[in-house]
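Here the structure is laid out as structure tokens; the discussion comes afterwards.
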Amino acid sequence: MPNLIENGGVEEWIDGEAAPKGFGQESNQYSKLMKESSTIAEGKFAMRQVWSANDGLDSFWNQLHTVVNDIRPGRQYKLSFKAVNRSKNTLVVLVSAINSATEKTLAQRPPLARILVAPCDKFQEFSGVFSVTDAEPLSIIINVCCQTPDTDFPMEIVWDDWQLHY
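Numbers 221 to 386, taken from the numbering used here, label the letters of the sequence shown in order.
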């Protein structure tokens with residue numbers, strides 16, 4: 221089964237772009253993304269993210285995110301990714317349903333999955349499983365959220381090999 225996350229290995233990254241192809245971070249004033257070529261799990265590149273402050277209350281669209289369309293009811297999905305979290309803080313990766321037409325999160329729903337990314341000195345795989353019960357296919361947003369005390373910055377993590385399969 222092919223990976224449903226476009227450019228999950230973050231290999232395609234146009235120089236000068238704020239994020240690799242398939243990922244976004246519209247106007248995050250709290251973190252910066254950089255192409256990483258020395259600390260990698262797979263391929264030639266990974267994605268380094270450095271926070272200067274907590275972005276946990278910011279919009280999903282301003283946080284590091286990717287959108288996956290055509291999530292079908294009745295299927296079980298597994299999201300996995302590799303990360304090196306050399307900070308002393310735990311980060312959160314959320315999977316949330318969004319309205320495909322408006323790209324607004326469905327706020328009345330809890331997240332479909334919540335994956336905690338604990339501190340680690342080398343790449344570890346993190347994963348979570350979810351399913352949807354909607355009658356129609358929907359879209360999801362996968363986003364990274366930093367909710368740590370304001371004294372724990374700067375904070376850095378390296379992401380690689382994002383996979384979504386059913």
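Note that beta-carbon positions come from the ideal geometry of N, C-alpha and C, so glycine has one too.
Using a Cβ-Cβ cut-off of 7 Å (strictly less than) and excluding sequence neighbours within five positions of A338, which residues of its own chain qualify? N305, T310
Inter-stretch contact at 8 Å, needing at least 3 Cβ pairs: the stretch 289-302 / the stretch 349-356: yes
Does the beta-carbon of D380, which I'm using as the reference point, lie nearer than 7 Å to any heavy atom of the ligand MN? Within the structure as shown, the ligand MN is missing, as the structure has no ligands at all.
Considering only their Cβ atoms, is the gap separating I335 from S347 smaller than 8 Å? yes
Check Q245 in the structure and name its three-state DSSP category. coil
Nearest-angstrom Cα separation, counted from N223 out to Y250: 29 Å
By Cβ distance below 6 Å, which residues in the same chain neighbour G242 in space, the five residues on each side in sequence not counted? E226, N227, T286
Assuming K302 contacts Q344 under a Cβ cut-off of 8 Å, what Cβ separation, rounded to an integer in Å, is found between them? 7 Å
In whole angstroms, what is the alpha-carbon distance linking W271 and P240? 17 Å
Candidates V378, D372, L299, Y386: closest to R268 by CA position: V378
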